[in-house]
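One structure below.
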Amino acid sequence: MKTPQPLHILPLLGGLALAACQDGGPSAPALEDLSLEDQITLELLSDPTFTETALDLVGTQTAAAHRRGRAWRSGEGYALQAAVHFQGAQAALAQGNTQRALERARVGRELIAEGIEAVGGPWAIEGMVERLESLPLAINGDPDCYQDPQGLGVRMGELARGARNAFRKGKRIQAGQLGVLGEQAVRQRIRDGSHSLSGRPEVWVELGGAAVDLATGILGAGTPDQEQLDLLAAAGEYQTLATEALAAGDRGRAVHFAHMAQWWSLKAVVIPGGISDEEVALILDLAKTLLADATAAVGSEPTDLEAALLAKATTMLGMGEGSVANGTCRGLGALWQVALIGTYLIG
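If you read the sequence shown in the numbering used here, its first letter stands for residue 146, the second for the next number, and so on.
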């Protein structure tokens with residue numbers, strides 16, 4: 146996965162190379178030798194959310210396991226080890242040892258993936274891969290929520306292909322660590338200013354709550370298996386964190402966790418065991434019905450927010466419907482969001 150070097154990290158790498166030459170230390174790798182994974186890692190290492198986002202992922206799975214009565218399962222040890230490696234990566238980068246920084250960051254992500262699998266089981270890793278695969282469509286569907294959405298969507302698509310290939314080969318931890326990197330990158334790029342829905346984080350958090358409630362209702366009408374209940378528990382934990390982050394004024398974190406609550410709620414409903422044509426039809430019909438009901442409820446004089454939500458839902462419906470028609474299951478994420486917006490607007 147080689148890509149052209151993003152211009153905004155060129156000064157960073159140039160400075161590292163100069164420092165290494167002056168100190169007699171190891172030289173920075175040539176730009177053309179950096180993989181996409183390494184490029185993203187270098188951009189993220191100086192970001193304050195870098196470590197926090199990764200630790201939150203394993204912490205959420207641990208909390209979900211405890212909610213399901215599995216108090217003996219914990220990812221705390223993995224998280225502590227990962228934090229040490231992340232700190233070491235940042236220190237190595239500050240000293241001009243780029244290769245060492247990249248290696249320690251990768252080990253940190255692998256530890257997070259190992260912790261997630263240990264606590265949440267194999268489905269948790271596959272869920273991370275599927276979430277990564279859904280990100281390009283989600284980003285394209287709400288570009289105002291992200292900085293450089295086009296570039297971010299392309300990069301997440303490339304990471305997703307690498308993660309899926311690794312997962313197919315049985316390299317679950319390698320796939321999982323790419324999923325961790327994807328979440329770190331997306332969290333960094335979420336806008337927390339007044340840009341469309343991203344300027345209203347409380348709306349995203351309410352949509353996350355709607356997702357958990359809708360999934361709970363759907364599963365309650367049937368006979369969910371243990372895996373589905375575990376997935377729903379994870380969604381509930383993400384929603385709790387989103388609510389807490391919003392109350393603390395951490396807008397970007399609140400939006401990120403709300404997105405995660407939406408995704409894991411959907412996964413609890415339709416994805417375990419593979420997606421059937423019946424499940425696709427169910428979500429598509431649900432999205433169309435709720436959007437029609439929401440349009441009627443809003444009426445002919447919607448508020449600016451209502452109009453923005455309806456426009457987003459209409460766009461996502463077209464994107465999702467076209468995607469699933471081509472056999473691409475990631476389109477279900479777009480259709481699920483349409484259903485959530487409809488639920489929100491109906492009240």
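Using N, Cα and C, we set each Cβ at its ideal position, and we do this for glycine too.
Reduced DSSP category for residue i - H, G, I as helix; E, B as strand; rest coil
i	result
residue 421	coil
residue 180	strand
Pairwise C-alpha distance: residue j and residue i
i	j	result
residue 181	residue 478	25 Å
residue 489	residue 234	42 Å
residue 468	residue 482	14 Å
residue 185	residue 379	27 Å
residue 463	residue 239	46 Å
residue 487	residue 385	22 Å
residue 183	residue 438	46 Å
residue 323	residue 272	12 Å
residue 461	residue 232	39 Å
residue 332	residue 202	12 Å
residue 204	residue 257	9 Å
residue 443	residue 435	12 Å
residue 179	residue 286	30 Å
residue 427	residue 492	21 Å
residue 388	residue 421	33 Å
residue 452	residue 355	19 Å
Any non-hydrogen atom of the ligand FMN within 7 Å of residue i CB
i	result
residue 246	By its list of ligands, the structure shown contains no ligand whatsoever, and the ligand FMN lies outside what it can speak to.
First through last residue of the alpha helix (DSSP H) which encompasses residue i
i	result
residue 319	317-334
residue 471	No alpha helix (DSSP H) holds residue 471; DSSP gives it neither H nor E.
residue 204	194-212
residue 190	Neither: residue 190 is in no alpha helix (DSSP H) and is coded neither H nor E.
residue 298	294-313
residue 268	267-286
residue 370	Per DSSP, residue 370 belongs to no alpha helix (DSSP H) and is neither H nor E.
residue 223	221-239
* Could you say if the stretch 440-449 and the stretch 396-416 meet the contact criterion of at least three C-beta pairs nearer than 8 Å? => Judged by Cβ distances under 8 Å, the stretch 440-449 makes no contact with the stretch 396-416, as fewer than three pairs qualify.
* Asked: Using 8 Å as the threshold, is the stretch 235-252 in touch with the stretch 269-286, meaning 3 or more CB pairs across them?
  -> No contact exists between the stretch 235-252 and the stretch 269-286.
* Asked: On the three-pair Cβ rule with 8 Å, is the stretch 253-267 touching the stretch 218-229?
  -> Output reads yes: the stretch 218-229 touches the stretch 253-267.
* Asked: Would the stretch 319-336 and the stretch 361-376 be scored as touching if the rule is three or more Cβ pairs under 8 Å?
  -> As far as the Cβ criterion goes, the stretch 319-336 does not touch the stretch 361-376, which means the pair count is below three.
* To do: Would you mind listing the alpha helix (DSSP H) stretches within the stretch 373-447 that are 4+ residues and don't spill past its ends, in chain order?
  => Qualifying alpha helix (DSSP H) stretches, in chain order: 396-415, 422-443.
* Inter-stretch contact (C-beta, 8 Å, three-pair minimum) for the stretch 245-261 and the stretch 296-306 -> Touching, no, given that fewer than three Cβ pairs across the two stretches are closer than 8 Å.
* Asked: Three or more beta-carbon pairs under 8 Å between the stretch 346-357 and the stretch 395-402, yes or no?
  -> Note that the stretch 346-357 touches the stretch 395-402; at least 3 beta-carbon pairs, one per stretch, sit closer than 8 Å.
* Asked: Counting pairs of beta carbons, one from the stretch 354-366 and one from the stretch 197-214, are three or more of them closer than 8 Å?
  -> Between the stretch 354-366 and the stretch 197-214, the count of Cβ pairs shorter than 8 Å is below three; the stretches do not touch.
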